[in-house]
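A short write-up of the structure that comes next.
2 protein chains.
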Amino acid sequence: MQRRRFIRQLSSSIGAAALAGSAPAIIVRNTLAQTRRNSLGFAFVGLGNYATRLASNLADAEHCHIAGVVTGTPAKEKTWAEQYNIPDANIYNYENYDSIANNDDIDIVYVVLPNSMHMEYVIRAAEAGKHVICEKPMALNTDQCARMIAACENNNVKLSIGYRCQFHPVHQEIIRIGQNKEMGATKVIQADFGFRIGNPNQWRLKKELAGGGALYDVGVYCIQAARYATGEEPVSVSAQEIKTDPVKFNEVDETILWQMKFASGAIASCSTSYSSNFNRFYAAMEGGWTRIDSAYGYGGQTGTTSKGAIEAPENNMWAAQMDDFSLCVQEDRKSRVSGEEGLHDVRVLDAIYESIATEKPVDLI
Amino acid sequence: MQRRRFIRQLSSSIGAAALAGSAPAIIVRNTLAQTRRNSLGFAFVGLGNYATRLASNLADAEHCHIAGVVTGTPAKEKTWAEQYNIPDANIYNYENYDSIANNDDIDIVYVVLPNSMHMEYVIRAAEAGKHVICEKPMALNTDQCARMIAACENNNVKLSIGYRCQFHPVHQEIIRIGQNKEMGATKVIQADFGFRIGNPNQWRLKKELAGGGALYDVGVYCIQAARYATGEEPVSVSAQEIKTDPVKFNEVDETILWQMKFASGAIASCSTSYSSNFNRFYAAMEGGWTRIDSAYGYGGQTGTTSKGAIEAPENNMWAAQMDDFSLCVQEDRKSRVSGEEGLHDVRVLDAIYESIATEKPVDLI
Numbered sequence: 000m001q002r003r004r005f006i007r008q009l010s011s012s013i014g015a016a017a018l019a020g021s022a023p024a025i026i027v028r029n030t031l032a033q034t035r036r037n038s039l040g041f042a043f044v045g046l047g048n049y050a051t052r053l054a055s056n057l058a059d060a061e062h063c064h065i066a067g068v069v070t071g072t073p074a075k076e077k078t079w080a081e082q083y084n085i086p087d088a089n090i091y092n093y094e095n096y097d098s099i100a101n102n103d104d105i106d107i108v109y110v111v112l113p114n115s116m117h118m119e120y121v122i123r124a125a126e127a128g129k130h131v132i133c134e135k136p137m138a139l140n141t142d143q144c145a146r147m148i149a150a151c152e153n154n155n156v157k158l159s160i161g162y163r164c165q166f167h168p169v170h171q172e173i174i175r176i177g178q179n180k181e182m183g184a185t186k187v188i189q190a191d192f193g194f195r196i197g198n199p200n201q202w203r204l205k206k207e208l209a210g211g212g213a214l215y216d217v218g219v220y221c222i223q224a225a226r227y228a229t230g231e232e233p234v235s236v237s238a239q240e241i242k243t244d245p246v247k248f249n250e251v252d253e254t255i256l257w258q259m260k261f262a263s264g265a266i267a268s269c270s271t272s273y274s275s276n277f278n279r280f281y282a283a284m285e286g287g288w289t290r291i292d293s294a295y296g297y298g299g300q301t302g303t304t305s306k307g308a309i310e311a312p313e314n315n316m317w318a319a320q321m322d323d324f325s326l327c328v329q330e331d332r333k334s335r336v337s338g339e340e341g342l343h344d345v346r347v348l349d350a351i352y353e354s355i356a357t358e359k360p361v362d363l364i
Numbered sequence: 000m001q002r003r004r005f006i007r008q009l010s011s012s013i014g015a016a017a018l019a020g021s022a023p024a025i026i027v028r029n030t031l032a033q034t035r036r037n038s039l040g041f042a043f044v045g046l047g048n049y050a051t052r053l054a055s056n057l058a059d060a061e062h063c064h065i066a067g068v069v070t071g072t073p074a075k076e077k078t079w080a081e082q083y084n085i086p087d088a089n090i091y092n093y094e095n096y097d098s099i100a101n102n103d104d105i106d107i108v109y110v111v112l113p114n115s116m117h118m119e120y121v122i123r124a125a126e127a128g129k130h131v132i133c134e135k136p137m138a139l140n141t142d143q144c145a146r147m148i149a150a151c152e153n154n155n156v157k158l159s160i161g162y163r164c165q166f167h168p169v170h171q172e173i174i175r176i177g178q179n180k181e182m183g184a185t186k187v188i189q190a191d192f193g194f195r196i197g198n199p200n201q202w203r204l205k206k207e208l209a210g211g212g213a214l215y216d217v218g219v220y221c222i223q224a225a226r227y228a229t230g231e232e233p234v235s236v237s238a239q240e241i242k243t244d245p246v247k248f249n250e251v252d253e254t255i256l257w258q259m260k261f262a263s264g265a266i267a268s269c270s271t272s273y274s275s276n277f278n279r280f281y282a283a284m285e286g287g288w289t290r291i292d293s294a295y296g297y298g299g300q301t302g303t304t305s306k307g308a309i310e311a312p313e314n315n316m317w318a319a320q321m322d323d324f325s326l327c328v329q330e331d332r333k334s335r336v337s338g339e340e341g342l343h344d345v346r347v348l349d350a351i352y353e354s355i356a357t358e359k360p361v362d363l364i
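Order-wise, the sequence lines are chains S and B. Taking numbering that gives the first Met the number 0, the leading residue of the first sequence gets 0, the next gets one more, and so forth. Taking numbering that gives the first Met the number 0, the leading residue of the second sequence gets 0, the next gets one more, and so forth.
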């Protein structure tokens, strides 16, 4: 409890600092460099499957392009260099990563490493004067999140979390309807995302690398969705865990249910799993409902409301996400998926684990 | 706690008595009367909207027919008598109800009264030697359920609870797949049923008549569904309540979420509401999933599994339910939706309210 209060104070003082900091015009070398061109250069840190997906979608972006990579695997250097025409000078490893500071081709670093490495590589990017996108979940706890936010502020770089759903037109419509109360106040949200995880040797199942299991990996989408659909922070969280395969999931959580109460009277019922497939968002409002089937996946989002289908064009949510951050950098705006957004979600993650441990609701006021 | 233990003992001794009782052939006057014809006579007790629905659907039944009514509203006597060609001798009020014992036209009494009246009218039916169907929820607490079961056993009449969903082909397919483990063990169930209640003056919103709110009225369908889809009893229940309209819902619950853990490792996430519309069943199994949209309503059940649509014929679930009970009576079989089924659900209802009050999980072992 002592620790959570400290984090709350830290979090709110960071919020205040961020607000104060956005007022004066901040002139730093990167901002100057970036205004010289319309397309900003991205370097991906950690070249796993998701980085591959990000890089291939970046081709659809208008305001940014791939400019470099950071990898601990020499074999990947050549593959990526050839595929994306990356000069040798823009290829880094984890040792010389900090010298990226001297590379004007690279404006933004996108950290796609295992969760436990997020904090270090975001802070090193910030200290190298690079703007940063960090994959979700932001970090292993709110202390780490707060340190990452502070490092970016101290180095006058922008920070964003890789929440691609907020750049999907169907989710944007759910946000618009929910936050504008177009169908009245939200009453009940059901947000569920789970999948059957494959390879038992992957980093996602190692606590030291992943920090947590299904909840960290995909449950965080449901926390996000409940928060952005209501525009509110939860005031109380309760949670339950169940494990059916203690061998495969000996280090991380397999299946977790949790519930979030909001001050407005909205309540969210959520579930996540590494051993079950489900993927859905539903919001019941006073005057109707919204729903997304295949809500949080890499495609196939189908939006419906009580008035009919959501007619949203399919877009490239990854390109939209990276474009938006590039424009935030160029226009000196805060990202809608800021470090504070990441911290709020991690705060809920912490509360969920605390509620499981104590078998009691955890207040977040 | 003391009280729950008592009920558990009572419940299990009743179960044992029921098993012991089913072995010898029981010959009572009604059983003899019933074997004289193929179609058994129903009398409905309480002629509200749902009784009207039951009676009109009874026309599709093969093994039963409407034979009488019991009502406290004289105006309804004439309407029903004319519509269903019911002789004066088969029309009862709440005072002369017990004399139904002398009426051989009536084999089965269907109690469709407000929840708080279930126990009295089921016991009076049993004591009149009539078989009984009682609407859900069975009663206000497990003590009442146990007394109803005992009264039916003591009077050698059969008892069934009005769980129509178990007679719907889509639910039957969900039961078959789940209990046969056709897609492997069930991991996660999501069962949600809520609706926006209208008229603020109806008995459903009066604690004295209804006993509880949304949970009693429609949440009980979700408890049922999780139990029959797994074929298991929950071993632990946790629950959360939220109220956004304390005027309309000053006597009963508005919105409740609850979670049920099963010994197999399955877990169910459920929600119910009188102020939100949702109506869905979902089960994630090791090797696939099943889903029903519009799961618990009066029609429109759409079943899907990971293998495709459930091709189940639309049937008349009410006629099927009443036909099945008529055959149970004629063939001296226990109903699949027995009093014990009703008691098990009420036991979970009790645990849900206890968990809300104590803010702790409630063990049901």
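Glycine included, each C-beta is placed from N, C-alpha and C at the ideal position.
Query: C-alpha distance - S:C221 paired with S:M137, whole-angstrom precision; Result: 15 Å
Query: In chain order, each beta strand (DSSP E) run of at least 3 residues that lies wholly inside the stretch 274-360 of chain B; Result: 274-284, 287-292 and 301-304
Query: Any non-hydrogen atom of the ligand ATP closer than 7 Å to B:E119 Cβ; Result: In the structure on display, the ligand ATP does not appear, and there are no ligands present to speak of.
Query: Within chain S, partners of B:L256 - CB distance below 7 Å; Result: Q258, I266 and S268
Query: Given 8 Å, three or more beta-carbon pairs between the stretch 305-313 of chain B and the stretch 210-224 of chain B; Result: no
Query: Reference S:Q201; option with closest CA among S:D191, S:G193 and S:G212; Result: S:G212
Query: Three-way DSSP call (helix, strand, coil) for S:I364 in this model; Result: coil
Query: Chain B contact for S:F277 (CB, 8 Å cutoff); Result: yes
Query: S:P379 - partner residues in DSSP beta bridges; Result: It is not possible to answer for residue 379 of chain S, since the shown part of chain S is limited to 0 through 364.
Query: Beta-carbon contacts of B:I107 that lie in its chain and below 6 Å, excluding the five residues immediately before and after; Result: L39, F41 and H130
Query: Exposed unless 16 or more other CB atoms sit within 10 angstroms - verdict on B:G197; Result: exposed
Query: Same chain, Cβ closer than 6 Å to S:R346, neighbours up to 5 away in sequence not counted; Result: T141
Query: Partner residues on chain S for B:S159, Cβ-Cβ distance less than 7 Å; Result: Correct list: empty, because the minimum Cβ distance to chain S is about 31 Å.
Query: Contact with chain B by S:W79, beta-carbon distance below 8 Å; Result: no
Query: Among B:S268, B:K247, B:S263 and B:E134, the one whose alpha carbon lies nearest that of B:L256; Result: B:S268
Query: Contact between the stretch 277-293 of chain B and the stretch 116-136 of chain B (3+ Cβ pairs under 8 Å); Result: no
Query: Spatial distance of S:L344 from S:Q223 (CA atoms); Result: Note on residue identity: the sequence assigns Asp, not Leu, to residue 344 of chain S. Each residue's alpha carbon lies about 7 Å from the other.
Query: Under the three-state DSSP convention, the category B:D367 falls into; Result: It is not possible to answer for residue 367 of chain B, since the shown part of chain B is limited to 0 through 364.
Query: Three-state secondary structure assigned by DSSP to S:I99; Result: helix
Query: Limits of the alpha helix (DSSP H) - the one that S:G67 falls within; Result: Per DSSP, S:G67 belongs to no alpha helix (DSSP H); it is in the beta strand (DSSP E), C63 to V69.
Query: Opening and closing residue of the beta strand (DSSP E) in which B:G177 lies; Result: Not the beta strand (DSSP E): B:G177 falls in the alpha helix (DSSP H), residues P168 to Q178.
Query: Own chain, CB closer than 8 Å to B:V110, minus 5 neighbours either side, in chain order; Result: V44, G45, M116, H117, Y120, V121, A124, V131, I132, C133 and E134
Query: Chain B within 8 Å of S:Y281, Cβ atoms only; Result: yes
Query: Counted within 10 angstroms of its Cβ, other Cβ atoms place S:E339 as buried (16 or more) or exposed; Result: buried
Query: DSSP state of B:S270 mapped onto helix, strand, coil; Result: strand
Query: Beta-ladder partner(s) of S:L256, from DSSP; Result: S:Q239 and S:S270
Query: Range of the contiguous alpha helix (DSSP H) that encloses B:L57; Result: N48 to L57
Query: N-terminal and C-terminal residue of the beta strand (DSSP E) that S:C133 is part of; Result: H130 to C133
Query: CB contact check: B:L348 to chain S, cutoff 8 Å; Result: no
Query: Minimum Cβ-Cβ distance from S:R203 to chain B less than 8 Å; Result: no
Query: Test: B:D191 CB closer than 8 Å to a CB of chain S; Result: yes
Query: C-beta neighbour in chain S for B:I364, strict 8 Å; Result: no
Query: Residue range of the beta strand (DSSP E) that includes S:A396; Result: The structure shown does not extend to residue 396 of chain S, since chain S is modelled only from 0 to 364, so the question has no answer here.
Query: Closest residue to S:Q49 among S:F248, S:A60, S:G161 and S:P168 (Cα-Cα distance); Result: In the sequence on display, residue 49 of chain S carries Tyr and not Gln. Residue S:G161 is the option with its Cα nearest to S:Y49.
Query: S:S38 at chain B interface by Cβ criterion, 8 Å; Result: no
Query: Paired residues, beta bridge with B:Y109 - DSSP; Result: B:F43 and B:I132
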